[in-house]
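Going by numbering that gives the first Met the number 0, the first residue of the sequence shown is number 0, and it counts up by one from there. Ideal Cβ placement from N, Cα and C applies to all residues, glycine included. Small disclaimer: the values here were computed from a predicted structure and weren't measured. Here's the structure we're looking at; comments come further down.
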Amino acid sequence: MSDVKYPCYWQKKDSRGQWYWIYYAKNHEEIARSSESYINRSDCTHSVSLMQGSSRDPLFYSE
0 MSDVKYPCYW QKKDSRGQWY WIYYAKNHEE IARSSESYIN RSDCTHSVSL
50 MQGSSRDPLF YSE
C-alpha cells in the first residue's frame, strides 16, 4: 500500500459485509464517510463518483 496517494477515497466492508467509503485528507485524516452501506461494491463506487462530481456545486449557509 505504499503507492497510496492522499487525499483519497477508501472502500471498505462493514461488520455486515456491506460496502462503505471513507474520504481521507492530504494529512491522512478521515474527514468524510458514506452515510449508508451498500450491498454491491458498484453502488458504493457510484456514490464516490457522485461526491467527486459535486466539487463545483454551490455552498449555502444559514445564519
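Practice task
Could you tell me the boundaries of the beta strand (DSSP E) in which ARG32 lies?
Solution key: 29–32
Exercise for the section: Work out the CA separation of HIS45 and ILE21 for me, nearest whole Å. Expected result: C-alpha separation (whole angstroms): 14 Å.
Handout entry: Delimiting residues of the beta strand (DSSP E) encompassing GLN10
Key = 7–12
Practice task
Pull up the CB-CB distance for SER36 and TYR19, whole angstroms please, since I reckon it's below 8 Å.
Solution key: 5 Å
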